[in-house]
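Asker: This is the structure, below, for whatever I ask next.
Residue numbers (the working numbering): 1223 to 1360.
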């Protein structure tokens, strides 16, 4: 009956235009072949369910692919504001900051603090064996 996943989700979205899931899934199937139509579906998903981070993430990826980095950054930020525990979104935003050479931009203080403490701890373990031998040096 359906020729492809896109035709299945197009049919579902046409039959249920006020439900976010078929509209979102139709957009996902179009991300590579028709990003403009996918973007339209993701924007409709956001209208139907603004608290859903998936639509913001997918829309951000389209913007990233179109090299609209500012919009992608903003959309990933919105998605993280909704769901701050989603690793893929955090990594995508981090990769964007690395590409822009903004190494600690948008990085929570806890992450910077963890990296700094890890460095100090590793440094201590690197020096600790020498400190233990120090009394025997005299």
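Idealized CB from N, CA, C, for every residue including glycine.
Are residue 1260 and residue 1284 touching if we call contact CB-CB under 8 Å?
Answerer: yes
Asker: Taking the alpha carbon of residue 1230 as the point to measure from, which residue in 1299, 1277, 1251 has its own alpha carbon closest?
Answerer: 1251
Asker: Would you please verify whether the beta carbon of residue 1262 is less than 8 Å from any beta carbon of chain C?
Answerer: Of the chains in the structure shown, none is chain C; there is only one protein chain.
Asker: So which of 1294, 1307, 1303 has the shortest CA-CA distance to residue 1317?
Answerer: 1294
Asker: Rounded to whole angstroms, what is the Cα-Cα separation between residue 1298 and residue 1225?
Answerer: 33 Å
Asker: Taking Cβ positions, are residue 1308 and residue 1257 nearer each other than 8 Å?
Answerer: no
Asker: Hey, how far is the Cα of residue 1227 from the Cα of residue 1282?
Answerer: 22 Å
Asker: Using the Cα positions of residue 1265 and residue 1300, report the straight-line distance between them to the nearest angstrom.
Answerer: 13 Å
Asker: Give the DSSP-derived three-state secondary structure of residue 1313 in the structure shown.
Answerer: Three-state result, residue 1313: helix.
Asker: Find the nearest neighbour of residue 1291 within the set 1323, 1238, 1236, judged by alpha-carbon distance.
Answerer: 1323
Asker: Keeping to the same chain, check which residues put their C-beta closer than 6 Å to that of residue 1235; ignore five residues upstream and five downstream.
Answerer: 1244, 1245, 1248
Asker: Return the CA-CA distance between residue 1296 and residue 1239, expressed in angstroms with no decimal places.
Answerer: 27 Å
Asker: Write down every uninterrupted run of the beta strand (DSSP E) in the segment 1236-1263 whose length is 3 residues or greater and which is fully enclosed by it, in chain order.
Answerer: none
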